[in-house]
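Protein chains: 2
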Amino acid sequence: MIGKLNHVGVATPSIDESVAMYRDLLGATSITDKWVMPEQGVWVCFVNLPNSQIELIEPYGDKSPITAFLEKNPKGGQHHVCFEVEDIIEARDAMKAKGATVLGEPRIGAHGTPVIFVHPKNMGGVLVELMETPKGDHH
Amino acid sequence: MIGKLNHVGVATPSIDESVAMYRDLLGATSITDKWVMPEQGVWVCFVNLPNSQIELIEPYGDKSPITAFLEKNPKGGQHHVCFEVEDIIEARDAMKAKGATVLGEPRIGAHGTPVIFVHPKNMGGVLVELMETPKGDHH
Numbered sequence: 001m002i003g004k005l006n007h008v009g010v011a012t013p014s015i016d017e018s019v020a021m022y023r024d025l026l027g028a029t030s031i032t033d034k035w036v037m038p039e040q041g042v043w044v045c046f047v048n049l050p051n052s053q054i055e056l057i058e059p060y061g062d063k064s065p066i067t068a069f070l071e072k073n074p075k076g077g078q079h080h081v082c083f084e085v086e087d088i089i090e091a092r093d094a095m096k097a098k099g100a101t102v103l104g105e106p107r108i109g110a111h112g113t114p115v116i117f118v119h120p121k122n123m124g125g126v127l128v129e130l131m132e133t134p135k136g137d138h139h
Numbered sequence: 001m002i003g004k005l006n007h008v009g010v011a012t013p014s015i016d017e018s019v020a021m022y023r024d025l026l027g028a029t030s031i032t033d034k035w036v037m038p039e040q041g042v043w044v045c046f047v048n049l050p051n052s053q054i055e056l057i058e059p060y061g062d063k064s065p066i067t068a069f070l071e072k073n074p075k076g077g078q079h080h081v082c083f084e085v086e087d088i089i090e091a092r093d094a095m096k097a098k099g100a101t102v103l104g105e106p107r108i109g110a111h112g113t114p115v116i117f118v119h120p121k122n123m124g125g126v127l128v129e130l131m132e133t134p135k136g137d138h139h
């Protein structure tokens, strides 16, 4: 079912500082501007690599879902892994049929296509995002 | 400097159980056999995705470097991210010159090329592996 590893989600207390680190220390050359996703409670930007991306996420607002993660990991850290799937409804139904706990209903993610999250307890301790591959993306 | 996202390292108390999860729950179709890397203190196998890999690592021996991680995260979890670099010595020297803490000397990693690890305190809380791109890999 799963296709490409779309991105690794990395929580950070400061996207600006993380962008500087990826640019100046690791030498990443393609990094998007940040933008707010109010409904998700995060600022987001992407570090583009030749085959995949690092998604940097910083809390936005009082009810950000990554606030607790950053309290446990004040410097930030790996928050989730996102795999592409062809059809998010099929993927959700397959996950549920196999007994996995899907967190919430499909919603539009940072790439403009629907995503779901699967509970880490079913995924070897990893918070897994499943994201519908953007139409027209034939890579 | 950094090139492709070679893999996400995921620690697990049981590679066999994790393989079953990636195969049966997530539908991964290409997963290598596991093998031991005694000097690294891990069992390892790879879940192959179209553009990248998940590296599953399970402790091997009494002094495995991932034992402490699994004590904190008994179900397993995201352990490191591996980026490719063209030249591991140049990468190591660049990291040191910029003040990052490189853990140990270059050694041969799971893909047969030299790797180093950079301390999470310099990498936004993420343990970063830098791996020399295999020669002849022109992807």
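Keeping their order, the protein sequence lines are chains G and C. Read left to right, the first sequence gives residues 1 to 139 (full-length UniProt numbering). Read left to right, the second sequence gives residues 1 to 139 (full-length UniProt numbering). We put the CB at the ideal spot given by N, CA and C, even for glycine.
- Within chain G, not a single residue places a beta-carbon under 7 Å from that of alanine 68 of chain C; the smallest gap is close to 15 Å.
- In the DSSP assignment, isoleucine 57 of chain C forms a beta bridge with C:Ala11 and C:Val44.
- Beta-bridge pairing by DSSP links arginine 107 of chain G to G:Val115.
- Within the same chain, Cβ atoms closer than 8 Å to the Cβ of tryptophan 35 of chain C are found at Trp43, Val44 and Cys45, the five residues on either side in sequence being excluded.
- Using a Cβ-Cβ cut-off of 9 Å, valine 81 of chain C is close to Val8, Val10, Ile54 and Gln78 of chain G, given in chain order.
- Neighbourhood of leucine 5 of chain C in chain G, by CB distance below 9 Å: Leu5, His7, Val8, Leu49, Pro50, Asn51, Ser52, Gln53 and Ile54, in chain order.
- Residues of chain C whose Cβ lies closer than 8 Å to the Cβ of lysine 75 of chain G are, in chain order, Pro120, Lys121, Gly124 and Gly125.
- Residues of the region 92-114 of chain C that bring their beta carbon within less than 9 Å of a beta carbon in chain G comprise Ala94, Met95, Lys98, Gly99 and Ala100, in sequence order.
- Using a CB distance cut-off of 8 Å, glycine 136 of chain C does not count as an interface residue toward chain G.
- Secondary structure of asparagine 122 of chain C (DSSP, three-state): helix.
- Taking the C-beta atoms as reference points, methionine 1 of chain G is found nearer than 8 Å to glycine 27 of chain C.
- What glycine 27 of chain C touches in chain G, judged by beta-carbon distance under 8 Å, is Met1, Ile2 and Ala94, going in chain order.
- Annotation for glutamate 71 of chain G: the continuous alpha helix (DSSP H) segment containing it runs 67-72.
- Residue contact check for methionine 131 of chain C against chain G: no CB pair falls below 8 Å.
- Under DSSP, glutamate 90 of chain G shares a beta bridge with no residue.
- In the three-state reduction of the DSSP assignment, leucine 25 of chain G falls in the helix class.
- The beta-carbon separation of serine 52 of chain C and leucine 5 of chain C, rounded to 5 Å, stays under the 8 Å limit for a contact.
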